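Have a look at the structure below before the remarks.
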Amino acid sequence: MVAALVCVPGALALIILFKADPVTSSNIASTILIISLLGLLLSPWLYSKEGNRTRAEKLITICSIWLLISGIAHVTWELSWCFVHPYLHNVTEKDKWAWIWWAYGVADHRYLISDSATVILEWVTATIGGPLTLYAFYLLKKNSRKAGLCILVTSLMDLYGAVLFFGTEVLNGFPNIDTEHFVNFWIKFWGLNSLWVFFSIFCIYVAISVLDIKSDNRDRSDVEFMKSS
Numbered sequence: 005m006v007a008a009l010v011c012v013p014g015a016l017a018l019i020i021l022f023k024a025d026p027v028t029s030s031n032i033a034s035t036i037l038i039i040s041l042l043g044l045l046l047s048p049w050l051y052s053k054e055g056n057r058t059r060a061e062k063l064i065t066i067c068s069i070w071l072l073i074s075g076i077a078h079v080t081w082e083l084s085w086c087f088v089h090p091y092l093h094n095v096t097e098k099d100k101w102a103w104i105w106w107a108y109g110v111a112d113h114r115y116l117i118s119d120s121a122t123v124i125l126e127w128v129t130a131t132i133g134g135p136l137t138l139y140a141f142y143l144l145k146k147n148s149r150k151a152g153l154c155i156l157v158t159s160l161m162d163l164y165g166a167v168l169f170f171g172t173e174v175l176n177g178f179p180n181i182d183t184e185h186f187v188n189f190w191i192k193f194w195g196l197n198s199l200w201v202f203f204s205i206f207c208i209y210v211a212i213s214v215l216d217i218k219s220d221n222r223d224r225s226d227v228e229f230m231k232s233s
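Mind the numbering: the sequence shown is residues 5 to 233 in the numbering used here, read in order.
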């Protein structure tokens, strides 16, 4: 968790304070970020200290972690990009103020040229998807019966956006993606963005299968309690 939180701001601090190489820093930070995120997301399943936790409880925990990660990403990096993207058209690694967006933009040039489809997608994701995802996380932590439906809606939104995000580039032969550098293509573009494909599908499964069963059990318990009363 700590590594995921500090790798990007830590790299930026090294660039500003110690003149670290922006390209190398972005490559290292993005690699650490995806490894730490995967470790964090899979930790409830792989390293659970509570041996009596059920499979459903572990799946719900992973889902809640993803909702928090996704929601924070939407309302921080993506929302801020929506406001600054007009000023990123000519930025380079020397523009330290823009490094946090440039670091990804060198892999996906759509973020440095204000691609219209990307701008629309990010505005919707940041202003609607982000708050809704965080609300779904809140409902899940509160054990609300509304959590399943909210998770289903926000996960479908994320999955739809991710399919458009990847599909427009794949079908056109990656015109805006740096396919020559391993980190840019496989880590930044495919690796980080694929999280929204895999874990959106995962959360849809949790919302339909696990939380639906949980709600049914809770309803059954309520009926039994009312009968006993």
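Yeah, the Cβ is synthetic: ideal placement off N, Cα and C, and Gly gets one too. Because the structure is a prediction, the values reported are computed rather than measured.
### Task
Give a yes or no on whether the C-beta atoms belonging to Ala140 and Leu71 are separated by under 7 Å.
Indexing the sequence shown from 1 puts residue 140 at position 136. Indexing the sequence shown from 1 puts residue 71 at position 67. One thing to note: Ala140 has its Cβ within 7 Å of the Cβ of Leu71.
### Query
Based on the DSSP output, what are the partners of Asp4 in its beta bridges?
Absent from the structure is residue 4, since the part of the chain shown begins at 5 and ends at 233.
### Query
Closest by CA to Trp194, which one among Ile19, Phe170, Gly177?
On the sequence shown, residue 194 is found 190 positions in, with the first residue counted as 1. Here the closest residue by C-alpha is Phe170.
### Task
Compare the C-alpha of Ser204 against each of Arg114, Ser120, Ile69, Lys145 and name the closest.
In the sequence shown, residue 204 corresponds to position 200, counting from 1. It is Ile69 whose Cα lies nearest to the Cα of Ser204.
### Task
Give a yes or no on whether the C-beta atoms belonging to Leu116 and Leu92 are separated by under 7 Å.
Taking the first residue of the sequence shown as 1, we reach residue 116 at position 112. Taking the first residue of the sequence shown as 1, we reach residue 92 at position 88. Yes, the pair counts as a contact, with Cβ atoms nearer than the cut-off.
### Task
Alpha carbon to alpha carbon, how far is Asp162 from Val201? Give it in angstroms, no decimals.
What you label residue 201 is simply residue 197 of the sequence shown in a count that begins at 1. What you label residue 162 is simply residue 158 of the sequence shown in a count that begins at 1. So the alpha carbons of these two residues sit roughly 8 Å apart.
### Query
Helix, strand or coil for Lys23 per DSSP?
The residue labelled residue 23 in the question sits at position 19 within the sequence shown. In this structure, DSSP gives Lys23 a state outside helix and strand, which the three-state scheme calls coil.
### Query
alpha helix (DSSP H) containing Ser74: first to last residue?
Taking the first residue of the sequence shown as 1, we reach residue 74 at position 70. Taken as a continuous stretch (DSSP letters only), the alpha helix (DSSP H) holding Ser74 covers 59 to 77.
### Message
By the DSSP assignment, the alpha helix (DSSP H) with Val157 in it spans what residues?
### Response
Here the question's residue 157 lines up with position 153 in the sequence shown. 151 to 175 is the span of the alpha helix (DSSP H), which, as asked, contains Val157.
### Query
So, do the segment 56 to 63 and the segment 126 to 135 have three or more beta carbon pairs nearer to each other than 8 Å?
no
### Query
On the premise that Cys86 lies in contact with Ile155, defined as a C-beta separation below 8 Å, what is that separation, rounded to the nearest angstrom?
The residue labelled residue 155 in the question sits at position 151 within the sequence shown. The residue labelled residue 86 in the question sits at position 82 within the sequence shown. About 24 Å separates the two Cβ atoms, so there is no contact after all.
### Message
Rounded to the nearest angstrom, what separates Leu143 and Arg149 at their Cα positions?
### Response
Against the sequence shown, residue 143 aligns to sequence position 139. Against the sequence shown, residue 149 aligns to sequence position 145. Their backbone Cα atoms lie some 8 Å apart in a straight line.
### Query
Nearest-angstrom Cα distance between Trp101 and Ile19?
In the sequence shown, counting from the first residue as 1, residue 101 sits at position 97. In the sequence shown, counting from the first residue as 1, residue 19 sits at position 15. About 10 Å.
### Message
Quick check: what's the CA-CA separation for Ser118 versus Asn56?
### Response
If you number the sequence shown from 1, residue 118 lands on position 114. If you number the sequence shown from 1, residue 56 lands on position 52. Roughly 50 Å separates the two Cα atoms.
### Nearest-angstrom Cα separation, counted from Glu173 out to Ile181
Here residue 181 is taken as the residue at index 177 of the sequence shown, counted from 1. Here residue 173 is taken as the residue at index 169 of the sequence shown, counted from 1. Straight-line Cα distance between these residues: approximately 8 Å.
### Task
Report the residue from Gly43, Trp81, His113, Thr137 whose alpha carbon sits nearest the alpha carbon of Asn188.
Taking the sequence shown and counting its residues from 1, one reaches residue 188 at position 184. Answer by Cα proximity: His113.
### Query
Would a C-beta distance cut-off of 7 Å place Ala33 and Val10 closer than the cut-off?
Start at 1 with the first residue of the sequence shown, and residue 33 comes out as number 29. Start at 1 with the first residue of the sequence shown, and residue 10 comes out as number 6. Not a contact, by the Cβ cut-off of 7 Å.
### Task
Could you tell me the distance, in whole angstroms, from the CA atom of Ser233 to the CA atom of Tyr164?
Residue 233 sits at position 229 when you count from the first residue of the sequence shown. Residue 164 sits at position 160 when you count from the first residue of the sequence shown. The pLDDT assigned to Ser233 is 39, lower than 50, so where the model puts this residue is not dependable; a value taken from the coordinates is nonetheless given after this. Rounded to whole angstroms, the separation of the alpha carbons of Tyr164 and Ser233 is 47 Å.
### Task
Report all residues from its chain with a CB closer than 8 Å to the CB of Ile38; omit the five preceding and five following residues, and keep chain order.
By 1-based counting over the sequence shown, the position of residue 38 is 34. Correct list, in chain order: Ile191, Gly195, Leu196, Leu199.
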